[in-house]
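Following this note's numbering, the numbering of the sequence shown begins with 388 at its first residue and continues without gaps. From the three backbone atoms N, C-alpha and C, an ideal C-beta is built for every residue, glycine too. The model shown is predicted, which means the values in this text are computed figures rather than measured ones. Here's the structure we're looking at; comments come further down.
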Amino acid sequence: MRNWKRFFYELYHVGPGFDGDYRRFAGRYHVHSARASKFDDVAERLCDEYLSTTPTPEACKFLRHRTDTLLAHHGAITGLKIPGPKLVAIEDAA
388 MRNWKRFFYE
398 LYHVGPGFDG
408 DYRRFAGRYH
418 VHSARASKFD
428 DVAERLCDEY
438 LSTTPTPEAC
448 KFLRHRTDTL
458 LAHHGAITGL
468 KIPGPKLVAI
478 EDAA
């Protein structure tokens, strides 16, 4: 169950436009919102809703393995880490 929650937590970061950007919230804490627990609650609710549909075992197979098992079977796990945007000061042109 923990793997499922982590999976949905990470998926919830994906921006609704599916354009490679994060889901953004208003304010300083734009990635998790001002209350990280609220973000966690939504991700957990989405996970529970999905699991209540009784997904096929084949759809869940990849979450049943530990990293070492996946590496032994597939040879590698790859990913791309994109650094977060940096704030740049804009001088007032007036």
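Put simply, of Phe405, Gly407 and Phe426 the residue whose alpha carbon is nearest the alpha carbon of Ala413 is Phe426. The residue from Val475, Ala476 and Ile469 with its alpha-carbon nearest to that of Gly407 is Ile469. Exclusion of the five residues before and after Leu458 leaves Ile464 as the residues of its chain whose Cβ lies within less than 7 Å of its Cβ. Note on geometry: alpha-carbon atoms of Val475 and Tyr409 lie some 18 Å from one another.
In this model, Thr441 and Asp455 are separated by some 27 Å (Cα to Cα). An exposed status is given to Ala423, since fewer than 16 other beta-carbon atoms sit within 10 Å of its beta-carbon.
Membership of Ala423 in the alpha helix (DSSP H) is indicated by the continuous run Ala423 to Leu438.
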